[in-house]
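Residue numbers (full-length UniProt numbering): 1 to 331.
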Amino acid sequence: MHLHEQNLSRLAGARCAVLGANGFIGTNLCIALHYAGTTVVGVGRSQRARDVLVDKVEWRRADLATGSAFEHAVRDCDFVVHLANTLLPTPSNAEKVRDVQENLIGTLTLLERCRELGVGKVIYASSGGTVYGPQTNTPISEDVLPRPICSYGVVKHAVEGYLHLYRQLHHLDYVALRIANPFGPHQMPHDQGLVAALFGKALAGTPISIWGDGSVVRDYVYIQDVVDAIIAAMVLNEPDAPRIYNIGSGVGRSVNDVIASIQAIHGELPEVGYQHARAADVPVNVLDIRRAQTYLGWNPATPWHDALRATYIWLHDALGASAKAQSYAIV
């Protein structure tokens, strides 16, 4: 049996709450857990689950910003996967107080409910793209000193510290995954994500605007590989294993590289224009994934061009004829 299938089989009969279930990563994770035989509690601010999840999750409405209704959401859960965040990296610097109030204090409220109700393990989606900040050497290992340059990354790192504290004081187990730049099905062009935004513009035939000169290098990882990593973290049962892992491809690609790869799949692209670089963008971010390979038995298994093609096919079907009428934000 493949390692991925073995891990999924170990989750049959478990109960798992997924915060941010209607989001890009959450949707893919909920689908995988449902088919593994896990009882999935989808948690989010919306009144209901998105259509693709309606028959796959028990929906609970809860709000990270207010810390409300977490008790109802996580009661009797073996696992809680925390994917929710109320701000994106770039605007977070202008809303630092809000970031702390909603994403740090809100997460602490969640951890208190998990502690009180005896949740077995928390899986936290940290950020491999923002926690580290500018680093001299790449790929970046988990051992380097984080130097985030946006509030989003500062708060993510702070949550990691509180997860460690809750494990030390209250024996609440956790794994924090520093995820690179995920892409794939169920990520829409208006969401955060270069690949989906570029494909969306290509399908709509609208001009492409890039922050900077296209030389910024990032680590892009396919969503199914991210889901596999989350599941591997859920079933990790080694008390002495590290609790923080980089999840990426381990390969750096510039924005211009990504544009060229997308053109190879779609064909001729609309006009590409370049804007002033953003202060929150570090020049290079590529993750060292050897720790996850060693302790989680995880590898990013999907080849780059296969992942891009699967993303393109999904977006083509999802957008359909409406693509021509869409206008997408700068990427």
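For every residue, glycine included, the Cβ atom is placed at its ideal position computed from N, Cα and C.
{"Asked": "Taking 6 Å as the limit between beta carbons, can you name the residues of its chain near A323, skipping five residues before and five after?", "Found": "A caution first: A323 carries a pLDDT of 48, below 50, which makes its placement in the model too unreliable to give a value."}
{"Asked": "Do you know how far the Cα of D55 is from the Cα of I105?", "Found": "32 Å"}
{"Asked": "Decide yes or no for the touch test of the stretch 81 to 97 against the stretch 150 to 157: beta carbon pairs closer than 8 Å, at least 3 of them.", "Found": "yes"}
{"Asked": "I need the straight-line Cα distance from L315 to Q168, nearest angstrom please.", "Found": "44 Å"}
{"Asked": "What's the C-alpha gap between A217 and V131?", "Found": "Here residue 217 turns out to be Val, not Ala, going by the sequence shown. Near 16 Å, if we compare the C-alpha coordinates of V131 and V217."}
{"Asked": "Apart from the five residues just before and just after R10, which ones in its own chain have a Cβ nearer than 7 Å to its Cβ?", "Found": "V235"}
{"Asked": "In angstroms, rounded to a whole number, what distance separates the CA positions of Q293 and I247?", "Found": "9 Å"}
{"Asked": "If you compare alpha carbons, which of V80, L319, A94 and I262 is closest to G26?", "Found": "V80"}
{"Asked": "DSSP three-state label for A325, please.", "Found": "For A325, the predicted structure reports a pLDDT of 37, less than 50, and the residue's modelled location is therefore unreliable. The matter cannot be settled from this model."}
{"Asked": "From V226 to G13, what distance separates their C-alpha atoms?", "Found": "22 Å"}
{"Asked": "What is the C-beta distance between I259 and V272, in whole angstroms, given that I count them as a contact (C-beta under 8 Å)?", "Found": "7 Å"}
{"Asked": "Provide the residue span of the alpha helix (DSSP H) that contains N256, from first to last.", "Found": "V255 to H266"}
{"Asked": "Within 10 Å of its beta-carbon, does V97 have 16 or more other beta-carbons around it, so buried, or fewer, so exposed?", "Found": "exposed"}
{"Asked": "Under 8 Å: does the beta carbon of H34 sit that close to some heavy atom of the ligand COA?", "Found": "The ligand COA is not part of the structure shown, which contains no ligands of any sort."}
{"Asked": "Less than 9 Å separating the beta-carbons of F24 and Q187?", "Found": "yes"}
{"Asked": "Alpha carbon to alpha carbon, how far is L308 from Q275?", "Found": "25 Å"}
{"Asked": "Helix, strand or coil for M1, going by three-state DSSP, please let me know.", "Found": "A caution first: M1 carries a pLDDT of 48, below 50, which makes its placement in the model unreliable, though a value can still be read off. Three-state result, M1: coil."}
{"Asked": "How do the stretch 133 to 149 and the stretch 287 to 302 stand: do at least 3 beta-carbon pairs fall below 8 Å, yes or no?", "Found": "yes"}
{"Asked": "Check the C-beta distance from S127 over to I179 and give it rounded, since I have them as a contact under 8 Å.", "Found": "7 Å"}
{"Asked": "Round the Cβ separation of V57 and V119 to the nearest angstrom and send it over; I've been treating them as touching at under 8 Å.", "Found": "The pair is not a contact, with the Cβ atoms about 17 Å apart (cut-off 8 Å)."}
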